[in-house]
Amino acid sequence: MARFLAAEAFSSSNDELALLPFHFERTGTEQFLVSNMVGDFIRLTENEINRLIDLKLKPGDGLYEKAYAAHLITGSLQKGQRQLLALRLRSRMSFLREVTPLHMFVVTLRCEHSCPYCQVSRQSTDRSRFDMSEATAQRALDIAFESKSSRIKIEFQGGEPLLNFSLIKTIVSAAHSRSGTLGKKVDFVIATNLALLDDAVLEFCKANDILLSTSLDGPADLHNKNRPRPGGNSYELAVAGIRRAQEALGPDRVGALMTTTEASLGRVDEIIEEYLKLGLDGIFLRPLSPFGFAIKTKQYQRYDAKSWLEFYKRGLRHILDINHHGTPFREFYSALILTRMLTDKPIGYVDLRSPAGIGIGALVYNYDGSVFASDEGRMLAETGDNSFRLGHVDQDDYRSLVLSDRLVDAISASLTQCAPECSTCVFESHCGANPVHHHATQGEALGIKPLSDFCARQKGIMHHLLQLLDESPRDAAILRRWAGA
Amino acid sequence: MTLSLFGTAALCRGLEEQTRSVVRLKTVDTEVSNAEADFTIVRTSDDLKRAIQNDHKSIFAIDDGTGRFLSLEDLQRRTIAVPAQFSYLDAGDVIGIHTQSGKFRTLYRHNSRHNSFLVTERCNNYCLMCSQPPKDIDDRWILNEIRQSLPLLDKHTRTLTFTGGEPLSDWADFISILADCRDQLPKTAVQVLTNGRAFAKSEIVDAWRKVNHPSVIAAIPVYAAVDYVHDYVVQAKGAFDETILGILKLKDRGQRVEVRVVLHAQTARIISDTCRWLARNLPFVDHVALMGLENTGFAIANDAQLWIDPIDYQTDLAEAVDLLVAANVNVSVYNLQRCVLAPSVWPHAVQSISDWKNAFVAECEPCTEKTRCAGFFSSGRPRRSKAISPIL
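Chains as they are written, first to last, in the UniProt record's numbering: chain A, 1 to 485; chain B, 1 to 392.
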């Protein structure tokens, strides 16, 4: 009859054990948050983490099982876990395979709004000075189609791009014909305040499958205060535009973004209700960016990361309760971070990647033909800082732009994988480099992370999401769904 | 009820040239076949008369229970005669017979959804709960028998399972059988129950991929997220590492993989941990099957280590299923009765027990879920949960 051995016969001796790379952070007097190479989290006590580091653990003691399942330890002769980690890391980083999928065309800098937090726009009627020319647009298209992505997205930016609608039409038609010849798929987005939306624009969007992206900051008084225009009716025009676009193009073909100003801080529930009322399926709770007029008009200094986090947490609470009451509704930034935390899907979102998305994630073609590594980069240029200006459509091609020293330096200087503070951060797997932000706030692409409001917000959000996942099963069930795992 | 799938023929004549033969059955009403393997079923003396009149060359006589309805001794034909408990055999079925001893096994039943070929009894695992305890014997003749059987099977057969032992014990021979399946049964989905360790070798996984079978799936057990727990269950040190490596190499080459977890006291209490690990690390497998224990083979000998009442892991199993569903992993629960499963698990509970060993108990009669329930194994020494009761 069979000779079966007891479980102890199958355990590795301690000299066969090896540590795998992991990050950790103290979260309490006795508590540590630990993450493995691909960002799976577990919580350990101080005693446990010390025993782990000394490899003083053995099968059956509970710690061995936790540490092994979380890929913190392995058998020194084993290969399975290392291969698994390699495969998962490869999947997580595979956004790098799609090089420069996003191309932003600033078809005009003119705008009929005069928002104090705006980074770039001009109130002007001088078309020749602030509109992109057709020649510039064609050159920009040449460059966009040189990028290696199998599918590119062209986003029309401004100013208010609908003020130069004729150029949009020219670009879309030219892109379509190039797409046919080169076999590269193209998607289009227009970032517009919708004030100038009319039937002609809607018909064109429908015919060309163009997505609309707009701004909605909250209830009428808040929105109109944030976004002044002659007539003081920005809110009314935006809401009417969203409704019209939903009807003409379909509910999923128009999205809205909000920007948090000091006046928004106490009003997150009302802001969310505006989005809900319009039948939108979620909201992106977005802090102000430290660029352009936002700095000049001192908007950016009006609140700190701490008050923004309070705003975010209150908003998330409200959104989760909306879900508990049966209406599916998401906070999109949390959804992005949760997707990174709970799955190995490649997420190329520009603020959440390292290597950073500047240039290799997106290129911006300004109205005057200058090319920038990111939208924020061209905003810096408007205040005289050309650090992220990579070249000009007339002198450069895709290769010279993306291989420019300026871009390579900024990307390599800011890698979270080796940056001080980032390289050992428990959240590194889920965060991003954001060199333009740190250049704008601290004068260099790398940045001193303990002084970074970006870092403070990222850590605050991730700590909060983890706490909800660990401690609130009802909320966790909703949050897991957002991860689209 | 449990069907007998092997026995001894009372008579086996005219096949002496070979040590073993593979035989396909047909009815007396069909045309006379010249195929070497075809035998005509006779159940009554009438059948026999007609078979003789129509000049059927090979006779497969099934006892009608009296044991003497036929006088087969005088027939100048190839003849096999089997006892009455094999009356379930019918046209299209295939048996393999050892011609000298008359020992035979039912290899394929045309009417069944659960046809499986045992490939070998050898295995490099020695699982605590093995339903087919491995033997270290030279049984390579089985591969030949399978090779002979495949051309005899109905081309419309939906699924075929290869099991063991470890089917990849003689991996090159087995993979050539997979190629035969591809050529002769292109519409048949093939499932191979393997411990997956062989796939840790790139040479083997490359050969598997090269067959390019249109629908083969490797069903591979993973019993825990922790090496020694899995190794203990399969009684082989290093098995976990090889199995995980094997799964990764199969998926890396675009092959289909099912992960199987047999639920018993060593695996059921940690099933939510195991599934959390699967959801996070192997969400790309094609299917996960969480399987109630069949109390037979080694499971009986190791009852003290293995028995756990399924009702005592009901909550853990529900959580495990939920974790896999949340990660978009396709999950099924096999072999467990609906009355021991949380209702949230019901949509994943499958009627998985092979027809020849599937049964219900008296309590099931009034149950409204019976027609959707997996029921019980009738094989081995069935153990029942204390929670078995009709859902009304």
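Just so you know, even glycine gets a beta-carbon here, dropped at the ideal spot from N, CA and C.
Legend entry - Cα-Cα separation, A:A191 to A:A477: 33 Å
Inset, instruction - Evaluate A:G159 with the Cβ neighbour count: other Cβ atoms within 10 Å of its Cβ, from every protein chain shown; 16 or more gives buried, anything less gives exposed. - result: buried
Legend entry - Inside the segment 323 to 369 of chain A only - beta strand (DSSP E) runs reaching at least 3 residues: 362 to 365
Legend entry - Length of the line joining the Cα atoms of A:A256 and B:S344: 37 Å
Legend entry - the segment 297 to 311 of chain B: positions lying closer than 9 Å to chain A by Cβ: F298, A301, N302, Q305
Inset, instruction - Count the other C-beta atoms from every protein chain shown that fall within 10 angstroms of the C-beta of A:P328, then say buried if there are 16 or more, exposed otherwise. - result: exposed
Inset, instruction - Check the C-beta distance from A:R102 over to A:E155 and give it rounded, since I have them as a contact under 8 Å. - result: Reading off the sequence, residue 102 of chain A comes out as Leu, not Arg. Contact holds; Cβ gap of about 7 Å.
Legend entry - For A:N434 and A:R90, the rounded distance between their alpha carbons: 21 Å
Inset, instruction - For B:Q266, collect the residues of the same chain with a Cβ closer than 6 Å to its Cβ; drop the 5 residues on either side in sequence, then sort them by chain order. - result: V233
Inset, instruction - Count the other C-beta atoms from every protein chain shown that fall within 10 angstroms of the C-beta of B:D231, then say buried if there are 16 or more, exposed otherwise. - result: buried
Inset, instruction - Just mark A:E247 as buried or exposed, buried being the case when its beta carbon has 16 or more other beta carbons within 10 Å. - result: exposed
Inset, instruction - For A:G391, go through chain B and note every residue whose CB falls closer than 9 Å to its CB, in chain order. - result: Result: empty, since nearest Cβ-Cβ is about 40 Å, beyond 9 Å.
Legend entry - Where B:D139 falls: helix, strand or coil (DSSP): coil
Legend entry - Contact set between A:S11 and chain B, taken where Cβ atoms lie within less than 8 Å: Y228
Legend entry - chain A within 9 Å of B:N281, Cβ atoms only: yes
Legend entry - Contact under 9 Å by Cβ, B:R20 with B:H98: yes
Inset, instruction - For B:N302, I'd like the list of residues in its chain whose CB is within less than 6 Å of its CB, leaving aside the five on either flank, ordered along the chain. - result: L128
Inset, instruction - Could you check what DSSP says for A:K185 in three-state terms: helix, strand or coil? - result: strand
Inset, instruction - Closer than 8 Å, Cβ to Cβ, to anything on chain B: give me those residues from the segment 78 to 95 of chain A, in chain order. - result: Q78, K79, G80, Q81, Q83, L84, L87, R88
Legend entry - Min CB distance A:T339 to chain B below 9 Å: no
Legend entry - Alpha-carbon to alpha-carbon, B:I244 and B:P347: 28 Å
Inset, instruction - Compute the Euclidean distance between the alpha carbons of B:K249 and B:A200, then round it to the nearest angstrom. - result: 7 Å
Legend entry - Amino acids of chain B, ordered along the chain, whose beta-carbon sits closer than 8 Å to that of A:G75: D227, D241
Legend entry - CB contact below 9 Å: B:W277 versus chain A: yes
Legend entry - Pair within 9 Å by beta-carbon distance, B:G380 and B:Q351: no
Legend entry - Contact set between the segment 4 to 30 of chain A and chain B, restricted to residues whose Cβ is under 8 Å from the partner: F4, L5, A6, A7, A9, F10, S11, S12
Legend entry - Assigned secondary structure, B:C12 (DSSP; H/G/I helix, E/B strand, else coil): strand
Legend entry - Residues of its chain near A:L309, where Cβ-Cβ distance is below 8 Å and the 5 sequence neighbours each way are ignored: A456, R457, G460, I461, H464
Legend entry - At least three beta-carbon pairs within less than 8 Å, the segment 208 to 227 of chain A to the segment 255 to 274 of chain A: yes
Legend entry - Beta-carbon proximity list for B:V33, same chain, < 7 Å, skipping 5 on both sides: According to the sequence shown, residue 33 of chain B is Ser rather than Val. So the list reads K26, once near-sequence residues are dropped.
Legend entry - Among B:S169, B:S112, B:T79, nearest to B:D38 - alpha-carbon criterion: B:T79
Inset, instruction - Would you mind sorting B:C373 into buried or exposed? The rule is 16 or more other CB atoms within 10 Å of its CB. - result: buried
Inset, instruction - Give the straight-line distance between the Cα atoms of B:T2 and A:R353, rounded to the nearest whole angstrom. - result: 60 Å
Inset, instruction - Run the CB neighbour count on A:I53, radius 10 Å, all protein chains shown included, and call it buried at 16 or more, exposed below. - result: exposed
Inset, instruction - Just the chain A side, please: which residues come within less than 8 Å of B:Y232 by C-beta, in chain order? - result: L5, A6, A7, A9, F10
Inset, instruction - Name the one or two DSSP bridge partners that B:D206 has. - result: According to DSSP, B:D206 bridges with nothing at all.
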